Amino acid sequence: MQCSLAGMASLAVAPIGLSSCTAGKKDEKPCGPDINISFQEGIPPGNSLNEKLDFMESLGVVGFEPGGRGLAGRVNEIQEALKNRNIRVAAICAGFDGFILAEDPAVKEQFDTSMREIIAAAGELGSTGVIMVPAFNGQQPCKPHTMDTRNYLCEQLHELGEYAVKCGTTVILEPLNRGECFYMRLVADGAAIARDAQSEGVKCMGDFWHMKEETSDYGAFWSAGTKYLQHVHIASRGRRLMPGEDGEKDDYRDGFRALKEMGYDKFITLECGTQGERKDTVTAAVELMRAQWAEV
Ligand code: MG
């Protein structure tokens, strides 16, 4: 996970996921969902939220992924900024205090309080869900990695998921990698925990950056499938820059093929840095994503 910092879509917003359908025409790709590209707040150039959103609109970007920290105090700001734009709030990137597997009850309490506040704000903004990791490797003291802890995690996530459903949103587990979160590093790991939490409000996601540990991008997304896959993050695959900045490594077609096959109509958010001129590298990244999506 990597966060930068913003609403409910106005009624003017077109529904996402509608297909540019070419079915029936010979030699053309069959119907499939459109790619719904989303940006975290630090991705677009701009000195204000509105400047950033203007840039995003100029590229046809339809999703915005703010960080969760302070979100409750930004609901009005974000709603206002998104009014009359074809941009919706995608997921919310973390931003809570504490962590759910904390051994210290006070730290667990910090998590419960701050996470529920973010979930409520996410619901007001029409967000697809709040991204979380149960515990990073470095977060201590942490409950031991045992079966009891996994059962505890699933019970706690069930409660959180049910709360999210009441708020009109979800909780999204983000699998990382061995170095950051050894017990949840495959998309399937997140999906299995979401399944065992037994709540419609608990989902998972895939981040192309962390998915370097997967044996197959295609298999990874399908392991979550339509029931659990709620969000996607993307970055270049060598240095976590804009897609395209790592040249031939930045091939997302295997994963995109799975997403198209499953009719994925949620967001793919850029979560990365850049070593180039931001307006150029971001524009090139969007073009590359659209081109590869169209190819599969
Ligand atoms: Mg991520």
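Numbering-wise (our numbering), the sequence shown opens with residue 1435 and increments by one.
Note that beta-carbon positions come from the ideal geometry of N, C-alpha and C, so glycine has one too.
Here the structure is a predicted model, which means the values were calculated and not measured.
What runs of the alpha helix (DSSP H), each 4 residues or longer, lie entirely inside the segment 1649-1678?
Complete alpha helix (DSSP H) runs here, min 4: 1651-1662.
Nearest residue (CA-CA) to A1658, options C1706, F1570, G1689 and A1719:
As a working mapping, residue 1658 is identified with position 224 in the sequence shown. The shortest C-alpha separation from A1658 is found at G1689.
So what's T1715 in DSSP terms, helix, strand or just coil?
In the sequence shown, residue 1715 corresponds to position 281, counting from 1. Under the three-state reduction of DSSP, T1715 is assigned to helix.
Unbroken beta strand (DSSP E) runs of length 3 or more, entirely within the segment 1510-1589: which are they?
Fully enclosed beta strand (DSSP E) runs of 3 or longer: 1525-1527 and 1563-1566.
Could you check whether the Cβ of D1651 sits closer than 7 Å to any heavy atom belonging to the ligand MG?
Position 217 of the sequence shown, counted from the first residue, corresponds to residue 1651. For the ligand MG, not one heavy atom lies less than 7 Å from the Cβ of D1651.
Report yes or no: is there a C-beta of chain D within less than 8 Å of the C-beta of G1504?
The structure shown has no chain D; it contains just one protein chain.
Counting pairs of beta carbons, one from the segment 1512-1524 and one from the segment 1483-1495, are three or more of them closer than 8 Å?
Touching, per the Cβ criterion.
Member of I1469, L1505, P1500 and E1648 whose CA lies at the smallest distance from the CA of G1494:
If you number the sequence shown from 1, residue 1494 lands on position 60. Just measuring C-alpha positions, the residue of I1469, L1505, P1500 and E1648 sitting nearest G1494 is I1469.
Just checking, does the segment 1529-1536 make contact with the segment 1583-1594 on the three C-beta pairs under 8 Å criterion?
Judged by Cβ distances under 8 Å, the segment 1529-1536 makes contact with the segment 1583-1594, as three or more pairs qualify.
3 or more residues per run - each beta strand (DSSP E) lying fully within the segment 1465-1514:
The beta strand (DSSP E) runs of length 3 or more contained entirely in the segment 1465-1514 are, from start to end of the chain, 1470-1474 and 1497-1499.
In this structure, what does DSSP give as the bridge partners for M1641?
To locate residue 1641, count along the sequence shown from 1; it is residue 207. Note on identity: in this sequence residue 1641 is Asp, with Met being the wrong assignment. Looking at the DSSP assignment, D1641 forms a beta bridge with H1667.
Between the Cα of F1701 and the Cα atoms of N1481, V1666, I1606 and D1630, which residue gives the shortest distance?
For the purposes of this step, residue 1701 is identified with residue 267 of the sequence shown, where counting begins at 1. Nearest option by C-alpha distance: V1666.
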